[in-house]
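These notes are about the structure you will find just below.
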Amino acid sequence: MKALFIDVSYKTKGSKPVLTLIFKRKRFFRIHDSSFEPYFYLHSEDVYEAKKAIEQLIVEEKGMVVKAKRVEKVNKILAGKEKEMLRIVCNHPQEVPILREEIKKFGTTYEHNIPFTRRYIIDTGLAPLNTIEFEREGKELKKIIKIHDTPTPKFNTLVFDIETYNPQGAPRPAKDPVIMISYAGETSGVFTTKKIDRPFVHFCSSEKEMIEKFCELIKKKDIEIIMGYNSSQFDLPYLKERASVLKTKLALGRDDSSFTLHRRGLITKAKIKGRIHIDLFHIIRFLATIGALKTFQYTLTEVYSEITGKKKKIVPKLEIWKYWDENLKCGELADYSLNDSVAEKELADQLLPMEFEISKLSKVPLFEICGSSTGTIVEQLLMNRAHWENMIVPNQPKEEEINARVASPAVGAFVKMPEPGIYDKLVVFDFRSLYPSIIISHNIDPFTLNCSCCEKDAFVSPVGHRFCRKKRGLIPTVLEELLQKRSEIKKRMKSLKPGTDEYLQLDARQQALKITANSFYGYLLYPRSRWYSKEAGESTTAWGRHYIQETMKKAEEAGFKVLYGDTDSLMLLLGDKKKKDALEFVAKINSELPEKMELELEGYYTRGVFVSKKGGEKGEEKGAKKKYAMISEDGRIKIRGFELVRRDWAGVAKQVQKQVLEAILKEGSKEKALKIVTDKIDELRAGKTPLEELVIYTQLKKSPGKYEINSPELAAAKKAMNAGMPIEVGSLISFIISRKGSSISDKAMPAELAKDYDAGYYIEHQVIPAVLKILKELGVKKEDLLLGGKQSSLGDWH
DNA sequence: GCGAGCAGCGTACCT
DNA sequence: ACAGGTACGCTGCTCGCG
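Add 32 to the 1-based position in the first sequence for our numbering, that's all there is to it.
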């Protein structure tokens with residue numbers, strides 16, 4: 033039969049492990065496999081002696097007698113070399129750690145901590161969300177015939193969101209009821225305990241009935257994927273506690289169980305039996321950490337508007353209870369509640385296809401892979417592939433080793449120091465997938481390092497490490513395939529109409545491939561990596577520095593002036609040269625680069641601003657790296673690093689800086705820029721600036737007690753805590769510098785409690801520093817800003 | 001005892 | 001809990017001066 037593979041779990045029957053595979057055809061169903069055996073490997077100096085000893089070995093643990101089921105001699109590739117090793121087959125997964133503890137005295141054990149269900153997927157080649165063709169006998173799996181990569185079908189999905197009564201600010205689950213449960217899927221609606229005149233409202237006579245009706249809906253609709261926003265931390269635990277207070281069950285699972293919490297590193301996931309629960313917030317956090325998404329705060333409201341470009345209905349969190357109490361406003365609250373679920377559904381529709389593809393690629397079931405780190409994705413992909421290649425998976429490093437790795441970081445990228453100034457006619461080039469292409473071109477891998485076969489002919493990195501030229505490494509092989517697949521997909525997409533099902537799925541797949549390919553270099557230097565190699569990692573960056581610097585040299589030789597460059601990009605001054613010359617230059621560079629590497633022309637810019645670093649007053653001014661603004665030919669402004677892109681600067685300073693940059697880039701008008709600044713300073717002095725423009729946002733990365741020194745955000749956080757506001761690790765502190773106090777920290781007040789502002793601070797520490805660094809390039813001095821707008825005419829800066 | 005100068009902490013950014 | 005490179009504000013210490 034053919035069915036879509038979803039997930040696998042195992043339990044013990046008798047004393048044997050039995051795997052339960054979840055498949056989907058029309059509905060989810062289960063098939064068992066009781067034939068799969070757990071095992072691990074041993075590398076020993078004396079294979080024969082070790083085998084004999086292990087076969088005799090009997091371990092008694094907590095009254096259990098544990099021994100190996102069988103011991104097999106196998107040939108495997110360990111750290112790039114063929115070795116005879118032992119495969120120790122066990123009776124039960126739980127016996128693996130017990131036997132391993134005894135057996136490690138014979139040598140080094142491998143693959144002893146791969147979870148049994150992962151082991152099963154790796155060894156069978158089963159890929160989640162692919163169609164599996166198999167034979168069965170009743171409920172037992174007999175044989176896997178083929179695995180088909182078919183388009184992902186539609187799932188029965190439901191998004192939900194709850195509203196809680198919160199007269200005290202934060203809702204207390206022991207006392208404060210859930211007042212609304214909204215959902216969106218095929219249809220959408222709101223369960224609530226008030227008779228609200230809206231067509232989508234389902235009236236429930238009590239909170240208890242509301243929870244029960246919601247669970248019934250999930251059961252009746254046979255929901256396969258259930259989602260929420262921060263549902264694992266808020267909605268689900270809250271519902272569970274309410275259910276227990278109300279003496280009812282939160283029957284979300286197929287067996288009427290509620291959910292279980294699973295900690296994976298820093299995130300906690302809620303698992304619902306027989307369904308796939310996905311917390312969209314985890315996906316958002318993942319996208320934020322890889323830099324694919326950047327918002328000020330990661331609230332549903334902000335994320336929704338960033339991703340869809342649309343605004344969501346808003347009811348201030350602290351006023352929800354008031355809306356509820358005021359009968360006339362209940363309708364609005366219901367609209368809001370429904371809108372939350374509908375918005376989350378839209379997010380899910382956009383985000384899930386990529387998660388599906390990451391799951392297929394890494395072969396990790398959807399529930400497990402959703403929101404996991406790039407390290408996990410790369411690692412799982414490599415583990416699967418290592419198995420096919422008959423390679424032993426390297427062990428995870430011990431704490432000690434991790435610390436040693438952290439203590440000795442590798443040298444990274446090259447960044448050129450720019451000459452501060454305002455420039456016209458720029459051209460920007462980028463290396464396409466710089467690090468992946470370097471890894472592929474030079475066969476960089478932990479186990480191609482210092483091979484014995486290419487003594488004279490190896491790839492030698494600029495830092496002196498040698499990589500084999502004959503045998504391909506695992507990492508370059510996998511990486512090359514990923515890039516190859518991605519370019520094929522991109523080619524196919526060109527022949528399709530955007531928006532079709534096939535196009536969207538291909539787009540999701542190319543995103544997954546890109547994210548994964550871009551994570552390999554990081555994984556080489558990730559301290560907890562199984563494939564860590566400082567030599568490989570630092571060779572990658574060394575070649576990166578080499579190519580960018582060589583390209584800069586060649587650009588100078590070709591008569592361009594190199595303004596700036598960072599890692600894989602370079603910015604040239606076109607000067608008297610034409611676009612044709614830029615194209616010729618890129619073609620020449622590409623003819624000299626290794627085949628898999630490529631320099632691309634990113635675009636032409638009509639004007640760009642570089643500023644000097646702060647503090648470099650005396651002696652020569654040094655240009656600030658990672659800080660510039662440019663305007664492209666078609667009028668698009670690109671701003672990097674300036675205060676205005678940072679959340680820890682006040683809105684006033686950011687707005688003024690933005691206007692100044694725009695005035696310079698678009699119009700070249702110094703007068704206009706000056707006027708903007710002096711007007712704002714006047715407004716600040718007069719005390720007329722609205723407090724919202726003065727809020728500074730800073731995240732507390734540690735818990736408030738763990739700081740060595742005081743800081744404005746910490747001081748503000750403590751004041752907020754005293755006022756009863758919840759502050760914890762990761763809280764985003766919003767504060768305003770008020771008039772009361774001596775140090776800046778003393779003056780920092782939580783935005784919610786601030787009544788006034790310190791004009792002097794905002795003028796001297798926010799607005800002036802933000803704009804002066806730019807206006808300095810036009811000859812403006814600090815006094816010019818403080819004295820007002822009587823200025824000389826625009827000088828020529830060219 | 002006091003202010004200037006500076007190191008180091010801490011955060012957020014860039015590629 | 002993917003990497004390293006960078007800017008920069010603020011605190012709190014050291015140091016020179018008196």
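From the three backbone atoms N, C-alpha and C, an ideal C-beta is built for every residue, glycine too.
Bear in mind that the values here come from a model prediction, so they are computed numbers and not experimental data.
Check	Outcome
To which residues does DSSP link S598 through a beta bridge?	Note on identity: in this sequence residue 598 is Asp, with Ser being the wrong assignment. Paired residues: V447, S601.
What separation, rounded to the nearest whole angstrom, lies between the Cα atoms of R501 and E411?	24 Å
Residues in its own chain within less than 7 Å of K650 by CB, not counting five upstream and five downstream?	Reliability fails at K650, whose pLDDT of 49 lies under 50, so the model's placement of it is uncertain and the value that follows must be treated cautiously. Around K650: no qualifying Cβ.
Can you find the residues in the same chain that come closer than 8 Å, C-beta to C-beta, to L350, ignoring five residues on each side of it along the sequence?	N198, G201
For the alpha helix (DSSP H) containing K245, name the first residue and the last one.	239-252
I need the DSSP call for R417, collapsed to helix, strand or coil.	helix
How far does the beta strand (DSSP E) with K502 in it extend, from its first residue to its last?	Element bounds for K502: n/a, residue is neither H nor E.
Under the three-state reduction of DSSP, which class applies to P478: helix, strand or coil?	coil
By a C-beta neighbour count over all protein chains shown, 10 Å radius and 16 as the cutoff for buried, is E740 buried or exposed?	exposed
DSSP has F767 in a bridge; who is on the other side?	I728, P782
Could you tell me the alpha carbon to alpha carbon distance between K345 and I176, rounded to whole angstroms?	50 Å
Whole angstroms is fine: what's the gap from Q835's alpha carbon to V335's?	Residue 835 is absent from the structure shown; the chain starts at 33 and stops at 830.
Straight-line CA distance for F479 to G496?	16 Å
From I243 to L271, what does the alpha carbon distance come to, in whole angstroms?	8 Å
For K395, which of helix, strand or coil comes out of DSSP?	coil
Please report the straight-line C-alpha distance between S41 and Y355, rounded to a whole angstrom.	45 Å
Please specify which runs of the alpha helix (DSSP H), each continuous and at least 4 residues long, are wholly inside the segment 685-755, giving them in chain order.	702-717, 744-754
Once you ignore the five residues that flank L615 on each side, which residues in its own chain have a CB closer than 8 Å to its CB?	L633
How big is the Cα-Cα spacing for S369 and I663?	42 Å
Please report the straight-line C-alpha distance between E443 and V347, rounded to a whole angstrom.	The sequence given here has Val at residue 443, not Glu. About 49 Å.
Are R317 and G221 close, meaning C-beta to C-beta below 8 Å?	no
DSSP on A682, reduced to helix/strand/coil?	coil
What whole-angstrom Cβ distance do W563 and H474 have, given they're in contact under 8 Å?	16 Å between Cβ atoms; not a contact.
If you reduce the DSSP assignment to three classes, tell me which class D381 lands in.	helix
If you run the structure through DSSP and keep just helix, strand and coil, what is E92?	strand
By the three-class DSSP mapping on this structure, what secondary structure does M386 have?	helix
I think N550 touches P468, with their Cβ atoms under 8 Å apart; what is that distance to the nearest whole Å?	7 Å
Run through DSSP, which three-state label would R868 get?	Only positions 33 to 830 of the chain appear in this structure, which leaves residue 868 out of reach.
What does the Cβ neighbour count give for K702, buried or exposed, with the cut at 16 atoms within 10 Å?	buried
Which value, in whole angstroms, describes the spacing of the CA atoms of S824 and G647?	Its pLDDT being 38, under 50, S824 is placed unreliably by the model, and the measurement read from it follows with that caveat. So the two alpha carbons sit approximately 27 Å from each other.
Please state whether the Cβ-Cβ distance between I390 and A544 is less than 8 Å.	yes
Could you check the C-alpha separation between P129 and K94 for me, to the nearest Å?	14 Å
From L557, T408, E338, pick the residue whose C-alpha is nearest to that of S440; which is it?	L557
Can you check the segment 40-122 for any beta strand (DSSP E) of at least 3 residues that lies completely inside it and give the ranges in chain order?	48-56, 60-65, 71-75, 91-93, 96-98, 102-110, 113-121
Count the CB pairs spanning the segment 225-238 and the segment 281-301 that are closer than 8 Å, and state whether there are at least three.	no
Strictly by DSSP, which residues pair up with S220?	A216
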